[in-house]
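Please read the structure below before turning to the comments.
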Amino acid sequence: MKNGVINLKTENLLSQVETVRADLNMNPLGVPESVTKAIADNMSQLSVYPDHNTKKLKEAISAYSGAKTDDIIVGGSSYEFVKILCEFTSPKKAILITPGAQNYEKLLSMNGCEIIYYSTPEEEDFTLDIADFISKLSEDIDIIFISNPNGTTSQIIDAESLEFIAKICDGNNITMVVDEEYMDFVDDLESNSSIPLTSKYENVIVLRNTTKFFAVPGLRLAYMITSNPVLKKTLEITGLPFAIGKLVEAAGVAMFTDEKYIAESRELIRTERNLVYSALSTHKSIKLYKPAANFILIRILRDAISAGDVVDYCMPKGLYIRSCADIGGLDNKYIRFCFMNPKQDDLLVNTVLEIV
Numbered sequence: 233m234k235n236g237v238i239n240l241k242t243e244n245l246l247s248q249v250e251t252v253r254a255d256l257n258m259n260p261l262g263v264p265e266s267v268t269k270a271i272a273d274n275m276s277q278l279s280v281y282p283d284h285n286t287k288k289l290k291e292a293i294s295a296y297s298g299a300k301t302d303d304i305i306v307g308g309s310s311y312e313f314v315k316i317l318c319e320f321t322s323p324k325k326a327i328l329i330t331p332g333a334q335n336y337e338k339l340l341s342m343n344g345c346e347i348i349y350y351s352t353p354e355e356e357d358f359t360l361d362i363a364d365f366i367s368k369l370s371e372d373i374d375i376i377f378i379s380n381p382n383g384t385t386s387q388i389i390d391a392e393s394l395e396f397i398a399k400i401c402d403g404n405n406i407t408m409v410v411d412e413e414y415m416d417f418v419d420d421l422e423s424n425s426s427i428p429l430t431s432k433y434e435n436v437i438v439l440r441n442t443t444k445f446f447a448v449p450g451l452r453l454a455y456m457i458t459s460n461p462v463l464k465k466t467l468e469i470t471g472l473p474f475a476i477g478k479l480v481e482a483a484g485v486a487m488f489t490d491e492k493y494i495a496e497s498r499e500l501i502r503t504e505r506n507l508v509y510s511a512l513s514t515h516k517s518i519k520l521y522k523p524a525a526n527f528i529l530i531r532i533l534r535d536a537i538s539a540g541d542v543v544d545y546c547m548p549k550g551l552y553i554r555s556c557a558d559i560g561g562l563d564n565k566y567i568r569f570c571f572m573n574p575k576q577d578d579l580l581v582n583t584v585l586e587i588v
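For the sequence shown, the numbering used here begins at 233 and goes up steadily by one.
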């Protein structure tokens with residue numbers, strides 16, 4: 233998009249764009265060249281056992297995220313970390329916020345944990361009512377999960393509110409897990425991240441992965457940040473020996489130190505997020521929820537059009553967007569798509585507006 237104005241006709245764009253996977257919420261810049269080079273340069277490491285301490289990788293993550301090196305635990309996925317947390321805390325009762333990313337329901341249920349869903353109302357634009365939420369945090373709650381930015385609505389909870397929640401959780405012996413899968417895309421992420429809270433509260437745990445921002449779902453690299461000495465010692469003794477291989481470690485060091493790729497990615501998403509939101513905001517047939525991450529949630533206001541209709545209309549044009557009909561707290565009137573490059577975003581906006 234350019235200056236918030238869509239200048240190109242959809243028909244012309246179709247010849248320039250083959251497939252646009254706007255449903256995957258991944259960085260449109262693709263895999264960093266530094267990563268592919270690091271893997272190619274370290275092929276000889278395939279015959280070497282991994283470094284259990286992953287010292288270089290932790291140092292790179294620390295410089296990138298601001299987390300203390302000793303508080304960083306490296307693994308293959310956030311799902312893997314939640315599995316460990318379930319085993320470590322043996323939670324009997326958990327709170328999940330809806331709508332929101334609920335990737336851990338199965339793990340919690342498998343461990344006999346009762347799940348309480350806290351619903352944020354659509355009439356309040358799915359904004360979390362902090363005062364009401366903390367009123368639910370009693371001593372019988374063992375663990376809560378907060379996706380920030382929200383993995384469904386793309387909205388963010390400010391750091392001050394999160395610290396308020398952390399204090400209440402600390403007083404009630406509740407483990408607070410903040411999943412920051414999309415935090416890398418947020419403006420001023422240093423002041424919005426919960427990582428500083430991990431140094432102040434042993435009950436706060438932050439999860440991050442590399443899949444979305446660095447566009448490497450096949451790499452399988454994530455990290456958990458915690459200052460909890462018992463958890464860290466437990467993992468040291470029984471945790472994740474050789475959780476990642478030498479090639480993954482080399483790729484991780486390369487991506488976290490690739491300042492050019494990181495800066496270009498954030499600038500691209502910041503620009504496209506503002507332009508797409510501006511282009512869509514004047515249309516009365518849809519409702520937007522202001523995004524903080526790299527994707528936007530949209531509600532279709534026309535009675536005759538469903539999310540499935542929009543998805544089906546876009547697909548023959550090579551556009552893949554997400555129907556939110558199967559997401560708790562939403563229905564078949566919601567769609568979601570991520571921000572791509574300027575030409576692809578022109579096509580996305582034009583095509584969606586043709587049907588809604």
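Ideal placement from N, C-alpha and C gives every residue a C-beta, glycine not left out.
{"Item": "Taking the straight line between their C-alpha atoms, what separation do you get for ALA536 and ALA557?", "Value": "15 angstroms"}
{"Item": "Taking the runs of the alpha helix (DSSP H) that are 4 residues or longer, which of them lie wholly in the segment 515 to 548?", "Value": "539 to 546"}
{"Item": "Just to confirm my understanding: we take MET408, look at its own chain, exclude 5 residues before and 5 after, and list those with CB closer than 6 angstroms. What are they?", "Value": "ILE376, ALA398, CYS401, ASN435, VAL436"}
{"Item": "Below 8 angstroms on the Cβ atoms is my contact criterion, and I expect ASN582 with LYS444 to pass it. Report the Cβ-Cβ distance as a whole number of Å.", "Value": "Actually they do not touch by this definition, with Cβ atoms about 25 angstroms apart."}
{"Item": "So what does DSSP say about ALA326, is it helix, strand or coil?", "Value": "strand"}
{"Item": "What do you get for LYS241, buried or exposed, if any count of 16 or more other CB atoms within 10 angstroms of its CB means buried?", "Value": "Because LYS241 sits at a pLDDT of 47, beneath the cut-off of 50, its placement in the model cannot be relied upon, and the following sentence gives the value as read from the coordinates. Exposed, since its Cβ has fewer than 16 Cβ neighbours within 10 Å."}
{"Item": "Alpha carbon to alpha carbon, how far is GLU504 from LEU394?", "Value": "27 angstroms"}
{"Item": "So does the segment 410 to 424 actually touch the segment 521 to 533, counting three or more Cβ pairs closer than 8 angstroms?", "Value": "yes"}
{"Item": "Taking the alpha-carbon positions, what's the SER497 to ALA254 distance?", "Value": "16 angstroms"}
{"Item": "Mapping the DSSP letters down to three states, classify GLU291 as helix, strand or coil.", "Value": "helix"}
{"Item": "Between the beta-carbon of ILE553 and the beta-carbon of PHE569, is there less than 7 angstroms?", "Value": "yes"}
{"Item": "How would you write the range of the alpha helix (DSSP H) that ILE469 sits in, first residue to last?", "Value": "461 to 470"}
{"Item": "Where does THR407 fall in DSSP's three states?", "Value": "strand"}
{"Item": "Nearest-angstrom Cα distance between TYR281 and ARG534?", "Value": "58 angstroms"}
{"Item": "Report, in whole angstroms, the separation of the C-beta atoms of VAL410 and ILE388, which I expect to be a contact under 8 angstroms.", "Value": "Contact flag wrong, Cβ pair sits at about 11 angstroms."}
{"Item": "From the DSSP output, which residues share a beta bridge with MET456?", "Value": "ILE305, LEU439"}
{"Item": "Here's the rule: buried if 16 or more other CB atoms are within 10 angstroms of the residue's CB, otherwise exposed. What is ASN441?", "Value": "buried"}
{"Item": "List the whole-angstrom C-beta distance separating ILE567 from VAL542, where the pair is believed to meet the contact cut-off of C-beta under 8 angstroms.", "Value": "5 angstroms"}
{"Item": "One question on the structure: do LEU196 and PRO331 come within less than 7 angstroms of each other, judged by their Cβ atoms?", "Value": "Residue 196 lies beyond the residue range present for the chain, which begins at 233 and ends at 588; the question has no answer from this structure."}
{"Item": "Between which two residues does the beta strand (DSSP E) containing TYR349 stretch?", "Value": "346 to 351"}
{"Item": "Under a CB-based cut-off of 7 angstroms, is LYS519 close to chain B?", "Value": "This model lacks chain B altogether, as it is built from one protein chain only."}
{"Item": "Within 10 Å of its beta-carbon, does LEU278 have 16 or more other beta-carbons around it, so buried, or fewer, so exposed?", "Value": "exposed"}
{"Item": "Pull up the distance between the alpha-carbon of SER421 and that of MET487, whole angstroms please.", "Value": "Strictly speaking, residue 421 in this sequence is Leu, with Ser absent from that position. Cα-Cα distance, rounded: 17 angstroms."}
{"Item": "Could you round the C-beta distance between MET572 and LEU580 to whole angstroms and report it? I think they count as a contact, below 8 angstroms.", "Value": "7 angstroms"}
{"Item": "In terms of residue numbering, what span does the alpha helix (DSSP H) encompassing TYR493 cover?", "Value": "491 to 512"}
{"Item": "Cα separation between GLU250 and LYS549?", "Value": "8 angstroms"}
{"Item": "Using a Cβ-Cβ cutoff of less than 6 angstroms, which residues in the same chain neighbour ALA447 once the five nearest sequence positions on both sides are dropped?", "Value": "MET258, ASN259, GLY262, VAL263"}
{"Item": "Taking the alpha carbon of LEU453 as the point to measure from, which residue in TYR336, ALA511, ALA482, GLY344 has its own alpha carbon closest?", "Value": "ALA482"}
{"Item": "For MET456, count the other beta carbons within 10 Å of its own beta carbon; 16 or more makes it buried, fewer makes it exposed. Which is it?", "Value": "buried"}
{"Item": "If you reduce the DSSP assignment to three classes, tell me which class SER297 lands in.", "Value": "helix"}
{"Item": "Looking at C-alpha atoms only, which residue of LYS432, SER431, ALA391, GLY403 is the closest neighbour of ASN424?", "Value": "ALA391"}
{"Item": "Name the residue from THR268, GLY484, PHE396, TYR433 whose alpha carbon lies nearest to the alpha carbon of ALA292.", "Value": "GLY484"}
{"Item": "What does the alpha-carbon distance come out to for the pair GLU319 and LEU467?", "Value": "11 angstroms"}
{"Item": "Looking only at C-alpha atoms, which of ASP303, THR514, ASN460 sits nearest to ASN285?", "Value": "ASP303"}
{"Item": "Per DSSP, SER386 forms a beta bridge with which residues?", "Value": "Paired residues: none, contrary to the question."}
{"Item": "By Cβ distance, which residues of its chain are closer than 6 angstroms to LEU500, with the 5 residues on each side in sequence left out?", "Value": "none"}
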